[in-house]
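Shown next, in structure tokens, is the structure this report addresses.
Numbering (our numbering), first residue to last: 635 to 862.
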């Protein structure tokens with residue numbers, strides 16, 4: 635059954651996040667997504683042979699009728715919209731984020747949720763991450779954007795020495811688990827050496843940080859929601 639749903643693009647199976655079924659533009663996600671969207675895995679187990687497969691395929695077709703086709707930036711935008719709708723403490727911030735960002739991933743979010751929750755920051759990656767750490771430490775949900783991953787190096791200390799070690803240094807009393815940092819990486823075709831790097835491997839070796847890299851819109855939305 636999981637194989638059928640995976641082939642039809644309805645279940646994310648990546649890095650242990652196969653519980654997600656967030657392909658549409660609805661506001662439900664996480665474990666409840668498959669339950670609320672009518673996953674027929676129970677029906678498939680209860681029914682035998684071809685009958686069970688027919689039930690499964692019918693559920694898949696009904697699910698597809700309620701989903702929306704998205705490209706990568708639309709999927710990321712929709713994920714952040716869901717976060718802002720479902721979590722009143724959530725904020726989205728970074729360079730040019732209020733204008734939609736250079737890749738349009740935050741387009742219309744400021745209009746929908748206001749300038750206090752979606753806002754621009756100074757050109758300081760260290761400041762962006764440092765602010766996010768402080769906000770998350772108070773219990774808020776911070777979704778920070780580094781406009782290009784190449785510029786995350788100036789925030790290296792904040793990520794590796796502060797964010798990653800916050801729970802440890804406080805003896806488990808505090809954490810910054812509410813912090814998510816988005817950083818578009820890889821070649822853009824005309825960016826040169828300051829807009830085409832992929833520095834994520836540096837952070838993969840840091841205990842306390844979790845790195846996810848999606849390969850297409852479905853995974854981008856699911857992994858972003860699971861990260862937040």
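Every residue, glycine too, gets a C-beta built ideally from N, C-alpha and C.
> Who are the Cβ neighbours of residue 738 in its own chain at under 7 angstroms, not counting the five residues just before and after it?
Replying inline: 707
>> Can you look up residue 776 in the DSSP assignment and give me helix, strand or coil?
In response: strand
> Over what stretch of residues does the beta strand (DSSP E) that includes residue 813 continue unbroken?
Replying inline: 813-816
> By Cβ distance below 8 angstroms, which residues in the same chain neighbour residue 802 in space, the five residues on each side in sequence not counted?
Replying inline: 842
>> Taking its Cβ as the centre, do 16 or more other Cβ atoms sit within 10 Å of residue 828, making it buried, or is it exposed?
In response: exposed
>> Taking 6 angstroms as the limit between beta carbons, can you name the residues of its chain near residue 717, skipping five residues before and five after?
In response: 724, 862
> Among 799, 811, 819, which one has its Cα closest to the Cα of residue 632?
Replying inline: Look at the range of the chain in this structure, 635 to 862, and you will see that residue 632 is not part of it.
> Can you tell which of 728, 760, 722, 711 has the C-alpha that lies nearest to the C-alpha of residue 743?
Replying inline: 711
> What number of angstroms, rounded off, separates the C-alpha of residue 852 from the C-alpha of residue 762?
Replying inline: 27 angstroms
>> Threshold first: 3 residues or longer. Then list the beta strand (DSSP E) segments lying entirely within the region 717-791, N to C.
In response: 724-728, 752-754, 775-779
> Closest to residue 727 by CA distance: which of 845, 700, 756 is it?
Replying inline: 756
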